[in-house]
Amino acid sequence: HKLDETMRTIAMYDIARGMQFLHSRQIIHRDLKSLNVLLDKMDITKICDFGFSRKANKEDVLTQNIGTPHWMAPELLNAENGYDNKIDVYAYGIVCWELLTGQLPYAGLESTQIIAMVLMNDMRPQFPSNVSAQLKTFISDCWARDPKMRPTFNTNRSKIKERRYFN
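Note that the UniProt record's numbering has the sequence shown beginning at 1, numbered continuously upward.
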């Protein structure tokens, strides 16, 4: 169902909180997407589908290309150099964009087109004109090309708490 601004903010916060919990236990979801986020009868957001999840220490080099291209970070699309839990932050940025727009990312494009455009052209979904600069920055930071530049979920939670993104 369509979420109002308050519910979108709460959902963004709840997802960040759930992902922070997973990352604190060295678990990478690897397939975070809107289809794997549920809203229960009490309007509480739940993350589901842990089929691709993996426990990984910081020393582990993960190279398996897994997930759904619409939500996959560039380093996961080209996984030979390895990736870490920041792939979940990238996917979270896409999910936040979906919450904001009510649309699926890259609608009408085939998986191969998405992969090529994200890897070669650094493509990301477009923001509607009515989105605040603050919220654009919040989401864009999550889907930064360089994983080291992406915030942690703890940082994302703090940013959501500090500001009201949906005014």
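Positions of the beta carbon are idealized from the N, C-alpha and C atoms, including for glycine.
Which value, in whole angstroms, describes the spacing of the CA atoms of residue i and residue j?
i                 : j              : result
proline 105       : histidine 23   : 25 Å
phenylalanine 166 : leucine 77     : Interpretation of phenylalanine 166 is limited by its pLDDT of 49, a score under 50 that renders its predicted location unreliable; the figure taken from the coordinates is listed afterwards. Answer to the nearest angstrom: the Cα atoms are 31 Å apart.
lysine 55         : arginine 25    : 8 Å
glutamine 64      : glutamate 75   : 11 Å
threonine 45      : methionine 120 : 34 Å
leucine 3         : aspartate 60   : 38 Å
residue 169       : aspartate 43   : The chain is shown from 1 up to 167; residue 169 falls before or after that span and cannot be answered.
histidine 29      : lysine 58      : 15 Å
threonine 155     : glutamine 20   : 10 Å
serine 53         : isoleucine 27  : 7 Å
glycine 67        : alanine 73     : 10 Å
proline 147       : valine 131     : 24 Å
glutamate 98      : alanine 107    : 11 Å
phenylalanine 153 : leucine 62     : 20 Å
arginine 17       : glutamine 126  : 26 Å
proline 69        : aspartate 122  : 14 Å
Leaving out the 5 sequence neighbours to the left and right, which residues in its chain are closer than 7 Å to residue i when beta-carbon positions are compared?
i              : result
proline 128    : Thr101
tryptophan 143 : Tyr90, Gly93, Ile94 and Arg124
arginine 150   : Lys86, Val89, Tyr90, Asp141, Cys142 and Ala144
isoleucine 15  : Val37, Thr45, Ile47, Tyr92 and Val95
residue 196    : Past the boundaries of the shown model lies residue 196; the chain is included only from 1 to 167, so the question cannot be answered.
Taking 7 Å as the CB-CB limit, is residue i close to chain B?
i           : result
leucine 109 : Absent here is chain B; the protein component of the structure consists of one chain.
Per DSSP, residue i is paired with what?
i           : result
tyrosine 83 : Leu62
In its own chain, which residues sit with a C-beta less than 8 Å from the C-beta of residue i, not counting the 5 before and 5 after it?
i           : result
leucine 109 : Met117
Quick one: residues in its chain with C-beta nearer than 6 Å to the C-beta of residue i, no 5 flanking neighbours on either side, listed in chain order?
i             : result
tryptophan 71 : Lys33, Ala91 and Ile94
Does the stretch 45-56 touch the stretch 89-97, meaning 3 or more C-beta pairs lie closer than 8 Å?
-> No, the stretch 89-97 is not in contact with the stretch 45-56.
Would you be able to state if there are at least three C-beta pairs under 8 Å between the stretch 114-126 and the stretch 31-42?
-> Fewer than three pairs of CB atoms, one per stretch, sit closer than 8 Å, so the stretch 31-42 makes no contact with the stretch 114-126.
Continuous alpha helix (DSSP H) assignments of at least 4 residues falling wholly in the stretch 91-124 = Those alpha helix (DSSP H) runs which fall completely within the stretch 91-124 and span 4+ residues are 111-121.
Touching by the beta-carbon criterion (3+ pairs, under 8 Å), the stretch 153-162 and the stretch 8-28 | Touching, yes.
Okay, do the stretch 125-135 and the stretch 79-87 touch, 3+ Cβ pairs below 8 Å being the bar?
-> By the criterion of at least three beta-carbon pairs nearer than 8 Å, the stretch 125-135 is not in contact with the stretch 79-87.
Kindly provide the ranges of any beta strand (DSSP E) runs that are 3 or more residues long and lie completely inside the stretch 27-78, ordered along the chain.
-> As far as the stretch 27-78 is concerned, its whole beta strand (DSSP E) runs of at least 3 residues are 37-39 and 45-47.
Uninterrupted alpha helix (DSSP H) stretches inside the stretch 122-147 (no shorter than 4 residues) = Restricting attention to alpha helix (DSSP H) runs no shorter than 4 residues, the stretch 122-147 encloses them at 133-142, ordered along the chain.
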